[in-house]
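Note sheet for the following structure.
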Amino acid sequence: PKYAVEMAALVAYYLQNLAAKSERKEHISTRDIETYFKIAEFALPTKPQFTLPNAKAAGYFDAVGDGAYKLNAVGHNLVAHSLPRGKDDKSPTKKTWRKSTQSSSKRK
90 PKYAVEMAAL
100 VAYYLQNLAA
110 KSERKEHIST
120 RDIETYFKIA
130 EFALPTKPQF
140 TLPNAKAAGY
150 FDAVGDGAYK
160 LNAVGHNLVA
170 HSLPRGKDDK
180 SPTKKTWRKS
190 TQSSSKRK
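So the mapping is simple: this note's numbering equals the position in the sequence shown, first residue as 1, plus 89.
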């Protein structure tokens, strides 16, 4: 992840789908952001309390109340299909089309 909101989506995805069954949870809070950003050695935002509201504004989460947020379909797809975006990223890239150098009049 490049941004804190993407990392928040990754944390939520991990806690919903990949963590040990006893540690799984459907909702995350600022406390989870602080804990899992540190574990992943991802730079903690200056004001972590704004990370989840910002991720909600980006469309990755739905608020469920009491400072808790649930990863929605957009956030799920971000993690499952768009991340990672590292040097060896194999995700599809936008194709650019070049005009053919052959003249169409030469075709038979």
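Ideal Cβ placement from N, Cα and C applies to all residues, glycine included. This structure is a prediction, so every number in the text was calculated from the model and none was measured.
Beta-carbon separation (whole angstroms), G167 vs E95, contact threshold 8 angstroms: In the sequence as presented, Gly is not what sits at residue 167; that position holds Leu. Rounded, the Cβ-Cβ distance is 7 angstroms, consistent with contact.
Same chain only: Cβ atoms within 7 angstroms of Y102, ignoring 5 sequence neighbours per side: L160, H165 and V168
C-alpha gap between F131 and K110, whole angstroms: 24 angstroms
Cβ neighbours of A93 in the same chain (closer than 7 angstroms, five flanking residues each side left out): P134 and T140
Rounded straight-line distance, which links the Cα of F126 to that of A162: 22 angstroms
Y149 versus Y158 - alpha carbon distance: Using only the alpha carbons, I get a separation of about 10 angstroms.
DSSP-derived helix/strand/coil call for K110: helix
Local Cβ density within 10 Å of L99, reported as buried at 16 or more and exposed below that: buried
Residue nearest to Q138 in terms of C-alpha spacing, selected from K114, R113 and G156: G156
CB contact flag (A97, I122, <8 angstroms): Yes, Cβ-Cβ distance for A97 and I122 is below 8 angstroms.
Identity of the residues DSSP links to L160 by a beta bridge: Residue pairing by DSSP puts L160 in a beta bridge opposite F150.
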